[in-house]
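Novice: Those letters in the sequence shown? Residues 26 to 276, by our numbering. Positions of the beta carbon are idealized from the N, C-alpha and C atoms, including for glycine.
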Amino acid sequence: MTKPLFRIGQIVPSSNTTMETEIPAMLAARQQIRPERFTFHSSRMRMKHVVKEELAAMDAESDRCAVELSDARVDVLGYACLVAIMAMGRGYHRQSEARLKNHTAANGGDAPVITSAGALIEGLKVIGARRIVVVAPYMKPLTELVVDYIRHEGFEVADYRALEIPDNLEVGRHDPENLPAIVAQMDTSQADAIVLSACVQMPSLPVVAKVEAQTGKPVLTAAIATTYAMLKALDLERVVPGAGALLSGAY
26 MTKPLFRIGQ
36 IVPSSNTTME
46 TEIPAMLAAR
56 QQIRPERFTF
66 HSSRMRMKHV
76 VKEELAAMDA
86 ESDRCAVELS
96 DARVDVLGYA
106 CLVAIMAMGR
116 GYHRQSEARL
126 KNHTAANGGD
136 APVITSAGAL
146 IEGLKVIGAR
156 RIVVVAPYMK
166 PLTELVVDYI
176 RHEGFEVADY
186 RALEIPDNLE
196 VGRHDPENLP
206 AIVAQMDTSQ
216 ADAIVLSACV
226 QMPSLPVVAK
236 VEAQTGKPVL
246 TAAIATTYAM
256 LKALDLERVV
266 PGAGALLSGA
276 Y
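1) Report buried or exposed for S222, applying the criterion of at least 16 other Cβ atoms within 10 angstroms of its Cβ.
2) Three or more C-beta pairs closer than 8 Å, one from the segment 132 to 151 and one from the segment 97 to 112: is that the case here?
3) Could you tell me the boundaries of the beta strand (DSSP E) in which S181 lies?
4) Over what stretch of residues does the alpha helix (DSSP H) that includes P38 continue unbroken?
5) When the Cα of A270 is compared with those of V220, L188, M113 and S95, which residue comes out closest?
6) Under 6 Å Cβ to Cβ from P228, same chain only, skipping five residues before and after it: list those, please.
7) Cα separation between P191 and A161?
8) Which same chain residues end up closer than 6 Å to K126 when comparing Cβ atoms and leaving out the 5 residues on each side of it in sequence?
9) Going by C-alpha to C-alpha distance, which of L259, A247, E47 and D260 sits closest to G148?
10) Of the residues L261, Y253 and V76, which one's Cα is nearest the Cα of V196?
11) Check the DSSP bridge columns for I157 and list the partner residues they point to.
12) Spell out the partners DSSP gives L102 in its beta bridges.
13) Quick one: which unbroken alpha helix (DSSP H) runs of 4-plus residues sit fully inside the segment 59 to 102? Chain order, please.
14) Three or more C-beta pairs under 8 Å: does that hold for the segment 85 to 95 against the segment 32 to 52?
15) Nearest-angstrom Cα distance between R124 and V158?
16) Between T213 and Y185, is the Cβ-Cβ spacing less than 8 Å?
17) Tell me the rounded alpha-carbon separation between K28 and V151.
18) Counting only the same chain and skipping the five closest in sequence on each side, list residues whose C-beta sits under 6 Å from that of T252.
19) Have a look at the DSSP bridge pairing and note the partners of L245.
20) Below 8 Å on the Cβ atoms is my guess for A144 versus A254; work out the distance and round it to an integer in Å.
21) Have a look at the DSSP bridge pairing and note the partners of D192.
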């Protein structure tokens, strides 16, 4: 019997090196315990520096990317830049997701669209978090935009860290083993959850379990939340070994 195959489309910043690493890694781990199989297909938007002007110009390219991926008749699309969405204004993920989905439908390849920004918000709601702490690689002004966006969605951000890495390639080179020590310097005592990486470009997957053990709190990342949302959109069980509480199968 042929195992069910799903095509995963990814709308990716041109300098992003992590979205196409962590999400395939999670779904490859899932393939060890579930029958579904996945292939991965990307279209890229130009962006090198994580500054508001480049993010806005990049977001304008997302329509083209959605159409290109719908040519391949992918089953779901993931928009892989949280800060590009959040920098466009409060609640923008809803507008972006609807617009891009309309482009896929107009091209004859109707498919659900997930933004990492929207997925993170929904993931926090799924686990029932209200008070969170956030780690982000962005410069402080952009990090504050992200924090404001999350707060506007109904969450209390008790503490956050801006790592202030402006070059997107350098964000992808940040050693995830640094993250547990960064979290240890934050006040997580009253937090319901930890957003270990509010960015799909900053690697974090290898230390999610470590930070959950260290803090006793559920740990989410933008990539984990995007994977959860993709599986949900495909009507598949949201379970991935080693990918934290959200993908434990409890939700």
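Specialist: On the basis of the data shown:
1) buried
2) yes
3) Reading off the sequence, residue 181 comes out as Glu, not Ser. Residues E181 to A187.
4) That residue, P38, is in no alpha helix (DSSP H); its beta strand (DSSP E) goes L30 to P38.
5) V220
6) T43 and P201
7) 11 Å
8) V138
9) A247
10) V76
11) V182 and A218
12) G34 and V138
13) 77 to 84 and 87 to 96
14) yes
15) 31 Å
16) no
17) 29 Å
18) I48 and M51
19) V220
20) 4 Å
21) H74
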